[in-house]
Amino acid sequence: MPRIRPTRTEAIVLRQRSLGEADRICVLFSPTRGRIEAVAKGVRKPLSKMSGHVEPLSRGQFGLAPGRSLDIITDAQTLDSWPELHDDVVRMTEALALSELVDRSTDIDVAAGPLYQLLRHSFDALAVTPSPKAIRWWFTLRFLDQQGYRPELSACVRCRSEVGPEGNGYAAGEGGVVCQRCYESGIGQRLSSPVFRLLRYMRRSSCEATAQVRVDADASAELERHLRSSLEQTLDSRLRSRSFAEDLARAETIGRSAALAATAKEREE
Ligand SMILES: [Zn+2]
């Protein structure tokens, strides 16, 4: 394993958990290194200078030194503390939901600049928006795009015909909208025309503009269902491909050791 030299990186703190008596493990998200799990030593002691700089839902500059298994945070300076995300339970809940998506979808030591900028921009917007939920919807559409699962919102994903404004369906597993004829033949979930219009509007608009749209409770619940289905598809297939890659690596290791054992046996005989 190549050792990584001590480095400095900007990162957003996604979450943290306690370690031992006084330490915490912080999950950082860096534009250049993706997800980093690093130990903040002594931060649960009352006089820790670092504790205020490693809070979840904040952005900072971190010094990182390689430790035995995880990096050690050598120093931390807050760049954005987003107090509004900490003082308001609704904003905090939405911000934590975005953090969790990023946490589940990023790898250790893989650059993730565009996703980092998307998360940072969404946190900025969440801090001041009148409609925190809309920021999450807006984020989710772009998150899906970046993960390679851009929902199709123009042509039917089943028959490729142009979809009309009404009577359509949404088939997350097939990647987007289905036309009225395909929907009536049993494909996808109902996609009401206000939600269809909202999806298309969100795709082409800023998050600030999206947050100005009035959405009633029914449309909000329907949109949540469609976005959740798309996210599940994306994260599921990601988990599958991740475990497939892991299986492959394991199989290679096992295969290699089996081959080595066979060679050793041959030599003995
Ligand atoms: Zn169709």
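So the number in this note's numbering is just where the residue sits in the sequence shown, counting from 1, plus 680.
For every residue, glycine included, the Cβ atom is placed at its ideal position computed from N, Cα and C.
Quick caveat, the model's predicted, so the values are computed rather than measured.
- When DSSP states are grouped into helix, strand and coil, E832 belongs to the strand group.
- In the DSSP assignment, L744 is bridged to T687 and I753.
- For R695, DSSP records a beta bridge to V707.
- Only residues of its own chain outside the window of five on either side were considered, and among them P831, L879, M882, R883 and L907 have a CB closer than 8 Å to the CB of L821, listed in chain order.
- Residue environment for T773: exposed (fewer than 16 other C-beta atoms within 10 angstroms of its C-beta).
- Along the length of the segment 849 to 892, whole alpha helix (DSSP H) runs at least 4 residues long occupy 860 to 864, 873 to 884 and 887 to 891, reported in chain order.
- Annotation for I815: the continuous alpha helix (DSSP H) segment containing it runs P812 to Q826.
- Taking all protein chains in view, the Cβ of D916 is surrounded by fewer than 16 other Cβ atoms within 10 Å, so the residue is classified as exposed.
- When Cβ pairs closer than 8 Å are counted between the two stretches, the segment 703 to 710 is seen to touch the segment 780 to 796, the count reaching three or more.
- For E735 and A720, the gap between their C-alpha atoms comes out near 11 Å.
- A distance filter of 6 Å between CB atoms and the heavy atoms of ligand 1 selects the following residues in sequence order: C836, R838, C839, S841, V858, C859, R861 and C862.
- Cβ contact annotation for T689 (same chain, cutoff 7 Å, sequence separation greater than five): S710, T712, R713, F742 and L744, in chain order.
- Shown here, L727 sits in coil according to DSSP, grouped into three states, outside any helix or strand.
- DSSP places G714 in the uninterrupted beta strand (DSSP E) bounded by G714 to A720.
- Pairing A852 with S872 gives a Cβ-Cβ distance that is not under 8 Å.
- For V808, the uninterrupted alpha helix (DSSP H) run begins and ends at G793 to V808, by DSSP.
- By the CB criterion at 8 Å, L765 and A775 fall inside the cutoff.
- Of the candidates S738, L737 and I716, the residue whose Cα lies closest to the Cα of S749 is I716.
- Residue A756 holds the alpha-carbon nearest to the alpha-carbon of S738 among G747, G700 and A756.
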